[in-house]
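Just below is one structure, and these are the notes that go with it.
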Amino acid sequence: MKRILLAFSVLALVLSSCGEYNKVLKSTDVDYKLEKAIEYFDDGRCYQSIPIFEELIGLTRGTQKAEDVYYYHARAHYCVEDYYLANYYLSNFTKTFSYSERAEECQFLAAMCSYNLSPEFSLDQTDTKLAINEMQLFLDKYPGSTLRDSCTTMIDQLNAKLERKNFEVAKLYVKTENFKSAVLVLDYALRDYPNTKYREEMMYMLVKSSYLLADQSIEEKKMDRFADCVDHYLNFVAYFPESGYLREAENYFDDSQKEIERLKKVSNP
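Residue 291 is where the sequence shown starts when you use the numbering used here, and the numbers rise one by one after that.
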């Protein structure tokens, strides 16, 4: 009996709630609709608040209530984790109400949307790069923000993901013997992330890939590519003179020098 009474009580509450919500939707009282929409948002009923805020955008445009409506509309999309739309509306808020005291918060949340959209390192990293740009834009615009440390930490996390992505891509190119692509990826990655924790292995892979690329090249390109291998080895040994990869790297270096000498003799008999 108690369970039946509880079930009826819950059903009555749901029906009452639905009746109230329909009343809000049908109301023509802007103040009432806004009050209820904010109430739904504050209670975590963000899905219910969104249709009301969307209607209110048109009804309050050009009025003093517009800022509140735009703000809560954007925040409601963030609340339901619709980060693509939330990013759009939050960014739009900072442009439309650039002097609002809420602009800093919305700019940060817009960047957070891209941060939340950043996928695993193995997937496309477009959103990761966008998040870094938006976080940096926030720091440039609000250098004294109390959120500065949080932004810096998240930028480091996002960059670490890009480093891992480049590292794994380079390893795959080496494994599949696509040495030209491996050299390009490693060159860019080492330049963009000079302090990466993968630096030692990446520099070794650059020596290996540049040698094997040269070895597979046509005669006209071998001299320059073996010379590149020598340069990469010298850089590698300068950074990591006691590396576990040193012996293998030395073999590529020695073989490159021998090939360079051979090619010199061929070109100058």
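The beta-carbon is built from N, C-alpha and C at its ideal position, and this holds for glycine as well. Values in this document were obtained by computation on a predicted structure and should not be read as measured data.
Item checked: From 368, 424, 493 and 336, residue whose alpha carbon lies closest to that of residue 526 -> For this step, residue 526 is matched to residue 236 along the sequence shown. Among 368, 424, 493 and 336, the Cα nearest to that of residue 526 is on 493.
Check: At what residues does the alpha helix (DSSP H) containing residue 381 begin and finish?
Finding: By 1-based counting over the sequence shown, the position of residue 381 is 91. In the DSSP annotation of this structure, the continuous segment of the alpha helix (DSSP H) that includes residue 381 starts and ends at 373-386.
Check: Going along the chain, which residues of its own chain have a beta-carbon closer than 6 Å to the beta-carbon of residue 560, five neighbours each way excluded?
Finding: With the chain covering 291 to 559 only, the question about residue 560 has no answer from this structure.
Next item on the list: Have a look at 315, 317 and 405 and flag the residue whose alpha-carbon is nearest the alpha-carbon of residue 374.
Entry: Position 84 of the sequence shown, counted from the start, is the residue given in the question as residue 374. Ranked by how close their Cα comes to the Cα of residue 374, the residues 315, 317 and 405 have 405 in first place.
Check: How many angstroms separate the CA atom of residue 530 from the CA atom of residue 490?
Finding: Looking up residue 530 in the sequence shown gives position 240. Looking up residue 490 in the sequence shown gives position 200. Approximately 7 Å between the Cα atoms of the pair.
Next item on the list: Give a yes or no on whether the C-beta atoms belonging to residue 411 and residue 451 are separated by under 7 Å.
Entry: Sequence index remark: in the sequence shown, residue 411 carries index 121 (1-based). Sequence index remark: in the sequence shown, residue 451 carries index 161 (1-based). Cβ distance < 7 Å, so residue 411 and residue 451 count as in contact.
Item checked: Stretch-stretch touch, CB-based, cutoff 8 Å, three pairs: the stretch 338-354 with the stretch 376-394 -> Fewer than three beta-carbon pairs drawn from the stretch 338-354 and the stretch 376-394 are found closer than 8 Å, and the two stretches are therefore not classed as touching.
Notebook entry, point to check: Would you call the stretch 496-507 and the stretch 465-482 in contact, with 3 or more CB pairs under 8 Å?
Noted result: As far as the Cβ criterion goes, the stretch 496-507 touches the stretch 465-482, which means the pair count is three or higher.
Checklist line | DSSP three-state assignment for residue 350, whether helix, strand or coil | finding: Looking up residue 350 in the sequence shown gives position 60. Here residue 350 sits in helix by DSSP.
Checklist line | Closest by C-alpha distance to residue 553, when choosing among 510, 532 and 389 | finding: The count along the sequence shown starts at 1 and reaches residue 553 at position 263. Residue 510 is the option with its Cα nearest to residue 553.
Checklist line | Close beta carbons around residue 397, own chain, < 6 Å, minus the five adjacent residues each side | finding: Reading the sequence shown from its first residue, position 107 is the one you call residue 397. Only 384 and 428 meet the Cβ criterion.
Check: How far does the alpha helix (DSSP H) with residue 486 in it reach, from first residue to last?
Finding: Position 196 of the sequence shown holds residue 486. Unbroken run through residue 486: none, as it is neither H nor E.
Check: What beta strand (DSSP E) runs, 3 residues minimum, are completely inside the stretch 305-346?
Finding: If only uninterrupted beta strand (DSSP E) runs of at least 3 residues are considered, none is enclosed by the stretch 305-346.
Check: Based on Cα-Cα distance, which residue from 544, 537, 333 and 328 lies nearest to residue 360?
Finding: Counting from 1 along the sequence shown, the entry for residue 360 is found at position 70. Residue 360 has its Cα closest to that of 328, out of 544, 537, 333 and 328.
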